[in-house]
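Presented below is the structure to which this report refers.
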C-alpha cells in the first residue's frame, strides 16, 4: 500500500526522458482526464512506459474523485470488494492504483483492458512471472474440472464458482482429504475412524475430510494408548491384578473412597473419646427434620450422614445396614473389589481396607497415567492392528499430495480477480478519476441508481442515500432542487431512500407527500413518496413567471380572505337571528323584529364617494401618464418599453436564478454520500436540462384539439379589452390628449 501511495504522490517527478502526454477533455467547466490507451494506464499506475522511461503517475489534484463508497453505487459488488483491500467499505485512490498495477503486471497487452472483455482470454495472461504462470495453470485446471479443457477463455463467474470447480477433484490444495479418495478400503475405514474420533473439516469439494492435524492427533493417541497398555503387559500382577476387570474395580473403589475414609476416621475418634460416639452419629432431631422430605426422589439430604453407624473399632458393614444413599455404590465396591481380592464377606475392617488400597495403588497410579483415551473405545487389539499397518503412511501421503497443489488452487481466486479487473477496471476509472459516463451521457454513471418519474417528468440524477436529513444538510450546497423519496417494492421488504435532482420544469406541484415511480438500473419499479424537499431554482423559465405567480397568488389570497370574512359575517348575523327567533318561539314571546337597516349617512356617503373619485383620478392620472409616455414614443419603441416593464418585474428573479443555476455542483450530493469529490463538478444550464426530461408529445403525433368536455368560455378577455379601450379614450379626451394628437398630426 505504501508503494501505491508513493506512486501517486503529488511530489513524484515526471520522467524527464519521455514524459507521458496526458490528454484531457472539458466538461462541467473543468478538465477531466481521458483514459483511452494502455499507455495511459501504465502512466497512471506509475509503471515504465513501453518505450522506456520512468512512470510518474498523475497528480492527484487532477483526479475528480479520491474515494467512493462501495454500497451505494451501481457497480459489480464482487469487483469492488476485491479492490477494497482493507475492507473498510470505501475504494480509495491507492487501492485502485494497486489493483491497476497488479492487473497490468499479469496481462501481455494493456490495451486489452479497453476491449470490453467479458471473459479472460488465456492467451492474454503473461506467464513470464511465477504468479502469472500459476494463474494460467489454475485457469486451465478450472476449465478442466468444469469439463471445458479446450476452452480458450474463462469468465469471472466460472472462476468464482468454487463448488463446481472443486466438486470434480478431491485433491484440491486445501490439505483436507475425504475418505472417498483413499486408495483402498482399509485406509478409507481408518480415515473414517479418524474423522469420528479426532474430528473432521469440510473439503473445498464439499464432502467432509481430515487434515494433517486430525491425522497427527489420532495416531499420537494410537501410540500413546498402545504404550500405556504395554505397561500392563509387562507387569500384569501389579497393574492388572483383576485382568480386564481391573479398571472397573478401580472406578468402584474411587467412588466410595472418601466416604470409607471418613467412616473409619470417625470410628477411631469414637475409640479416642467414647462419649463422642453419640455426637458423631446423626441425632433424633436430624431424622425428625427428614420426616417430611421425599428421600426416595432425592436422597441428597441423607448422603451427608455417616456411611454407617459409628462405633469404636467397628468394621464397615457391606450389607443393608449401610447408609441407603450409598447402598448401591458400596454394593458395587463389594462385588468388584472386596470379593475378588479378599473373598466373600459382609463387613470390611480398617486393616482390610488399607490392604485393598495398597493392592490397587499401582493400578490406580497406572490408570492416572492413561493416555490416548480418544482411541480407547476401539479396543487394544484394533489399536495395535492400526498401529502395525500401513494406513498411516498412506493417509500422510494423500494429505501431502493434496497440499502440494495448494499454489495452483490458491491461484483460483487470482483467476477470478484478474478476469473481473480486466472487465471492470477501465469503466471504474472512468467513473472515478473522471466522470466520463456522466458528462458525455453515453452511459449512466455508477452513482446514478435509476430514474424517478414524477409530475410529468423523468429524473436521471438519482442517488441512493442512507439518512435523508444528514444527506440534505450537505447536499443543499449543490444548488440543485432535490426531492428525497422513500421507495418500497410491493410484495417484498425492500426499502430504499433516494435523492433525485430536478433540473427542468417548475416546482409548483413538487411537495412532500407527492407520489411517483422509481425504476432502478435492473428495471424494477418502486413506489416512491416524497419525504423532503430541498428548494433551489430549477430553470430561467420558472424564474420569469415566478413574480407574476406570486402576485396572482397574493391577489387570490386577498380575495379569498375578503369573501370568507363577508361570508362569516353574514352567517353570524343569520345564526343570531335564528337563535333569537327560536328562543322567542320556545318562550311564547313575539319574535324579535328584524334588525333595521342602518340609516343613510349622507356625509359618510359623500366622503366615500370623494375617496373613490380621488382614487379613480389618481389611477386615471397614472394611466394617462403611461399612455402619454407611450404616445410620445415612436411605434417601434413601444414594444421595447413593454419589454422593459416586464424585465423590471421579472429581471431580478431571473438574474438570481441564473446565478444560482451557474453554481450548481454535483460534488456536495456525492460528498454527502461518502465520496471524496476533488473538483467542482458543475452542472450548467444546458447539461442540467438533459438530466430531467419533461413530457413532450412524440414527433409526428396526431393531436385532436376539439375537447367535447371543454367548459364554455365567456369572452371576458374581449370584454376587458373593450372596457379598457373605452376608459383610455375617455381619459385621453378628458385630459386633452385627443386634441393634442389631432394637432400633432395636422388633422383638420
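In our numbering, the protein residues as written are 3 to 750. Note that CB positions come from ideal geometry on N, CA and C, so glycine has one too.
In DSSP terms, what residue i is bridged to
{"i": "residue 667", "result": "684"}
{"i": "residue 751", "result": "Lying before the first or after the last residue shown, residue 751 is absent from the chain, which here runs from 3 to 750."}
{"i": "residue 34", "result": "27"}
{"i": "residue 349", "result": "319"}
{"i": "residue 785", "result": "Only positions 3 to 750 of the chain appear in this structure, which leaves residue 785 out of reach."}
{"i": "residue 179", "result": "212"}
{"i": "residue 288", "result": "In the DSSP output, where bridge partners are listed per residue, residue 288 has none listed."}
{"i": "residue 109", "result": "127"}
{"i": "residue 679", "result": "67"}
Inter-residue spacing [alpha-carbon to alpha-carbon] between residue i and residue j
{"i": "residue 329", "j": "residue 243", "result": "26 Å"}
{"i": "residue 409", "j": "residue 135", "result": "11 Å"}
{"i": "residue 771", "j": "residue 414", "result": "Because residue 771 is not part of the residues shown, which for the chain are 3 to 750, the question remains open."}
{"i": "residue 690", "j": "residue 663", "result": "9 Å"}
{"i": "residue 301", "j": "residue 259", "result": "19 Å"}
{"i": "residue 188", "j": "residue 406", "result": "24 Å"}
{"i": "residue 422", "j": "residue 456", "result": "37 Å"}
{"i": "residue 537", "j": "residue 668", "result": "15 Å"}
{"i": "residue 565", "j": "residue 722", "result": "22 Å"}
{"i": "residue 9", "j": "residue 63", "result": "Any reading at residue 9 needs caution, since the residue's pLDDT is 43, under 50, leaving its predicted position unreliable; the model's value is listed next. Going by the C-alpha atoms only, they are around 14 Å apart."}
{"i": "residue 402", "j": "residue 343", "result": "53 Å"}
{"i": "residue 470", "j": "residue 199", "result": "57 Å"}
{"i": "residue 341", "j": "residue 265", "result": "20 Å"}
{"i": "residue 116", "j": "residue 424", "result": "9 Å"}
{"i": "residue 210", "j": "residue 196", "result": "12 Å"}
{"i": "residue 384", "j": "residue 215", "result": "22 Å"}
{"i": "residue 419", "j": "residue 159", "result": "11 Å"}
{"i": "residue 512", "j": "residue 76", "result": "27 Å"}
{"i": "residue 527", "j": "residue 454", "result": "10 Å"}
{"i": "residue 284", "j": "residue 223", "result": "49 Å"}
{"i": "residue 26", "j": "residue 645", "result": "43 Å"}
{"i": "residue 735", "j": "residue 724", "result": "16 Å"}
{"i": "residue 386", "j": "residue 191", "result": "15 Å"}
{"i": "residue 148", "j": "residue 202", "result": "27 Å"}
{"i": "residue 436", "j": "residue 36", "result": "8 Å"}
{"i": "residue 683", "j": "residue 672", "result": "10 Å"}
{"i": "residue 50", "j": "residue 61", "result": "16 Å"}
{"i": "residue 602", "j": "residue 729", "result": "Below a pLDDT of 50, predicted positions are generally treated as unreliable, and residue 602, at 47, falls in that range; the measurement from the model is reported next regardless. Between residue 602 and residue 729, the C-alpha separation is close to 31 Å."}
Expected contact under 8 Å - CB spacing of residue i and residue j to nearest Å
{"i": "residue 506", "j": "residue 696", "result": "5 Å"}
{"i": "residue 125", "j": "residue 154", "result": "7 Å"}
{"i": "residue 234", "j": "residue 368", "result": "7 Å"}
{"i": "residue 398", "j": "residue 217", "result": "6 Å"}
{"i": "residue 225", "j": "residue 389", "result": "7 Å"}
{"i": "residue 86", "j": "residue 92", "result": "7 Å"}
{"i": "residue 282", "j": "residue 268", "result": "5 Å"}
{"i": "residue 207", "j": "residue 174", "result": "6 Å"}
{"i": "residue 279", "j": "residue 314", "result": "7 Å"}
{"i": "residue 251", "j": "residue 338", "result": "5 Å"}
{"i": "residue 358", "j": "residue 320", "result": "Going by Cβ atoms, the distance from residue 358 to residue 320 rounds to 12 Å, so no, they are not a contact pair."}
{"i": "residue 102", "j": "residue 47", "result": "5 Å"}
{"i": "residue 426", "j": "residue 78", "result": "6 Å"}
{"i": "residue 489", "j": "residue 504", "result": "Contact doesn't hold; Cβ gap of about 16 Å is too wide."}
{"i": "residue 480", "j": "residue 666", "result": "6 Å"}
Inspect the CB distances between the stretch 135-147 and the stretch 57-77 and report whether three or more fall short of 8 Å. no
Between the stretch 442-450 and the stretch 177-186, can you find at least three pairs of beta-carbon atoms closer than 8 Å? no
For the pair the stretch 33-51 and the stretch 91-110, tell me if three or more CB-CB distances fall below 8 Å. yes
Within the stretch 310-337, ranges of the alpha helix (DSSP H) (whole runs, at least 4 residues): 329-335
Which runs of the beta strand (DSSP E) spanning at least 3 residues fall entirely within the stretch 39-106, listed in chain order? 69-71 and 92-94
Which complete beta strand (DSSP E) runs does the stretch 464-548 hold, if anything under 3 residues is left out? 464-467, 483-490, 497-504, 517-522 and 527-536
Can you check the stretch 112-175 for any alpha helix (DSSP H) of at least 4 residues that lies completely inside it and give the ranges in chain order? 132-147, 158-162 and 164-169
Residue ranges of each alpha helix (DSSP H) run of no fewer than 4 residues wholly in the stretch 189-273, ordered along the chain? 214-236 and 238-241
Taking 8 Å as the cut-off, does the stretch 429-448 touch the stretch 482-501 (at least 3 CB pairs, one atom from each stretch)? no
Hey, is the stretch 572-580 in contact with the stretch 693-710, meaning 3+ C-beta pairs nearer than 8 Å? no
Meets three-Cβ-pair contact criterion under 8 Å: the stretch 437-445 and the stretch 30-40: These segments touch.
Please give me, in chain order, every unbroken run of the alpha helix (DSSP H) with length at least 4 that falls completely inside the stretch 353-431. 382-390, 393-406 and 408-431
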